[in-house]
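Under the numbering used here, the final residue of the sequence shown carries the number 375; numbering is consecutive throughout. To keep things clear, I will list the structure first and then write my remarks on it.
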Amino acid sequence: MKAIVMSSTGAPDVLQLQEVPTPQIKSQTEILIKVKAAGINPVDTKIRSRGTFYPEQKAAILGCDGAGIVEAVGAEVKKFKVGDEVYYCAGGLGKPDTGNYAEYAVVEEYLVAPKPKSITFAEAASAPLVLITAWEALYDRALLKAGQKALIHAGTGGVGHVAIQLAKIRGAEVCTTVSSQDKARLARQFGADYPILYTQTDFSAAALEWTEGKGVDVAFDTVGGKTFFDTVPAVRVYGDLVTILEPDGSKGTLKVARNRNLRISLELMLTPALMGLREAQEHQTEILSQCGTWIDEGKLNIHLSQTYPLADAVEAHKQVETGSTTGKVALVMD
């Protein structure tokens with residue numbers, strides 16, 4: 042099969058299109074999937090530039106997110122049959138015989154969910170990691186409730202645009218940071234009540250004004266750095282602040298957060314995969330199943346801004362690394 046192989050760390054051009062052996066089913070609960078599309082996430086570019094989670098392996102196929110058609114199933118697979126359309130977040134972290142920048146992938150059944158019928162394979166492949174991340178951050182960490190107010194950073198980004206929608210599904214009001222009027226309009230399409238142009242306005246002050254000085258109940262930081270610390274004053278006393286990045290102590294202190302008794306949560310959706318936490322992985326698959334239902338019901342939209350052929354993975358990585366992409370980017374195999 043054709044696959045994009047990373048044989049060393051470095052710039053995007055370390056990604057090379059190669060012929061490699063097609064992975065084979067080794068467990069009776071595995072599924073062989075003909076991959077139709079693979080989502081590209083910032084974690085892919087970080088792994089490419091810094092190294093995989095399995096440094097003893099010399100070559101790797103990247104890509105955590107995939108969507109495709111079931112080609113074969115193990116003897117004990119119960120939920121899927123040949124020909125089923127599926128999507129999933131599995132592999133792509135450097136472990137041998139995994140990764141979705143390829144024409145085929147083998148995935149355990151418990152990691153696979155039915156693909157939403159109303160969207161394309163490319164849209165479906167763009168969804169899993171960001172859906173799980175936003176769900177875990179807002180629903181599992183912050184315990185977001187109906188009637189609460191949330192601040193979501195980077196509301197037109199991959200995680201941000203689905204986080205807005207999940208917050209609205211839960212019944213919350215949402216303000217979000219964006220960099221331009223065009224992105225403000227797009228954020229409103231996703232359901233944001235109040236887009237804040239952070240390039241022109243102090244977002245923390247704007248959020249406080251929006252909440253009549255109380256602060257938001259929940260803040261979701263997808264940017265990190267100084268933004269994390271600047272968000273603290275915008276959160277109400279005893280509120281929740283969730284971040285997907287490790288707070289950088291050189292950018293600020295937690296003194297104000299402590300004084301406000303904030304509950305600070307860290308969100309890394311890759312933890313279950315890296316630690317082999319089966320129950321947590323099954324929960325993530327349930328998230329995909331529920332989100333798939335909402336997508337088909339028209340309650341949730343995946344914004345796919347651009348697709349590239351598999352052979353153009355280098356260009357796709359360059360695009361993601363600009364940091365200015367709205368929504369998601371995907372590779373398509375046909």
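Cβ atoms here follow ideal geometry from the backbone N, Cα and C, with glycine treated the same way. Since the structure is predicted, the reported quantities are computational estimates derived from the model, not experimental observations.
- Judged by DSSP in its simplified three-state form, Lys-120 adopts coil rather than helix or strand.
- A Cβ-Cβ contact shorter than 8 Å links Lys-190 with Asp-258.
- Taking the CA atoms as reference points, Ser-245 sits about 12 Å from Pro-236.
- Of the residues assessed, Lys-369 falls on the buried side of the cut-off, its CB having 16 or more other CB atoms within 10 angstroms.
- The DSSP-derived three-state label of Cys-216 is strand.
- Counting other Cβ atoms within 10 Å of its Cβ, Tyr-145 reaches 16 or more and is therefore classed as buried.
- Taking 8 Å as the cut-off, the beta carbon of Thr-50 is found closer than this to the beta carbon of Arg-89.
- Under the three-state reduction of DSSP, Thr-348 is assigned to strand.
- One Cα belongs to Asn-82, the other to Val-361, and the distance between them is close to 8 Å.
- Comparing alpha-carbon positions, the option among Lys-156, Met-42 and Ala-52 lying closest to Thr-326 turns out to be Lys-156.
- Counting only residues of its own chain and dropping the five nearest sequence neighbours on each side, Ala-248 has a CB closer than 6 Å to the CB of Leu-192, Cys-216, Val-257 and Ala-275.
- Listed as beta-bridge partners of Gly-80 by DSSP are Asp-106 and Ala-371.
- Short of 8 Å from the beta carbon of Ser-346, and not among the five residues preceding or following it, lie these beta carbons of its own chain, in chain order: Thr-366, Thr-367, Gly-368, Lys-369 and Val-370.
- For Val-355, the enclosing alpha helix (DSSP H) stretches over residues 354 to 362.
- Judged by beta-carbon spacing, Ser-48 lies within the 8 Å limit of Lys-99, meaning their Cβ atoms are closer than that value.
- Segment contact: the stretch 301 to 311 against the stretch 269 to 289, three or more CB-CB distances shorter than 8 Å; contact assigned.
- Residues Val-171, Leu-172 and Ala-175 of the same chain have their beta carbon placed closer than 6 Å to that of Val-203, with the five preceding and five following residues left out of the count.
- Under the rule that a run must span 3 or more residues, the beta strand (DSSP E) segments found entirely inside the stretch 125 to 165 read 126 to 130, 145 to 149 and 153 to 155.
- Here Gln-241 is exposed. Its C-beta has fewer than 16 other C-beta atoms within 10 Å.
- The stretch 178 to 225 is shown to contain whole beta strand (DSSP E) runs of 3 or more residues at 190 to 193 and 214 to 219, in chain order.
- For Thr-268, the secondary structure class from DSSP, reduced to helix, strand or coil, is helix.
- By DSSP's assignment, Ala-44 forms a beta bridge with Gln-59 and Ala-143.
- At a Cβ-Cβ threshold of 8 Å, Lys-158 and Ile-110 do not count as neighbours.
- Using a Cβ distance threshold of 8 Å, Thr-268 and His-194 count as a contacting pair.
- DSSP, read as helix, strand or coil, puts Gly-232 in coil.
- Contact between Ile-66 and Val-147 holds, since their C-beta atoms are separated by about 6 Å, short of 8 Å.
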